[in-house]
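One structure is given below, encoded as structure tokens.
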Amino acid sequence: PEVVDLQTTTDKSRTLTQHTSRLCNGYLTKKESDGVLHQMTWPPQSPDHNPIEIVWNELACKVMEK
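Residue numbers (the numbering used here): -17 to 48.
This is how it looks when you write it as structure tokens:
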């Protein structure tokens, strides 16, 4: 793996950002309140967490609601 100092690099594609801009957060919040989108809480990347287990749990909760 390559380790890059993100403070000094000029390659902006290496900057690690999430959807935290006001514009993006506002859009996602509006879609969620309109019922179009459901934002799931996602754990940090860890070998102890398997993403598919989170999806199965979410599906099970939706089935139990019905």
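Glycine included, each C-beta is placed from N, C-alpha and C at the ideal position.
Check                                                                        : Outcome
Inter-residue spacing [alpha-carbon to alpha-carbon] between Lys44 and Leu19 : 14 Å
The alpha helix (DSSP H) enclosing Gly49, as first and last residue numbers  : This structure does not reach residue 49, given that the chain is present from -17 up to 48, and the question cannot be answered.
Opening and closing residue of the alpha helix (DSSP H) in which Trp48 lies  : The sequence shown places Lys at residue 48, not Trp. Looking at the DSSP string, Lys48 is not in any alpha helix (DSSP H), and its letter there is neither H nor E.
Beta carbon of Leu10 nearer than 8 Å to that of Gln21                        : yes
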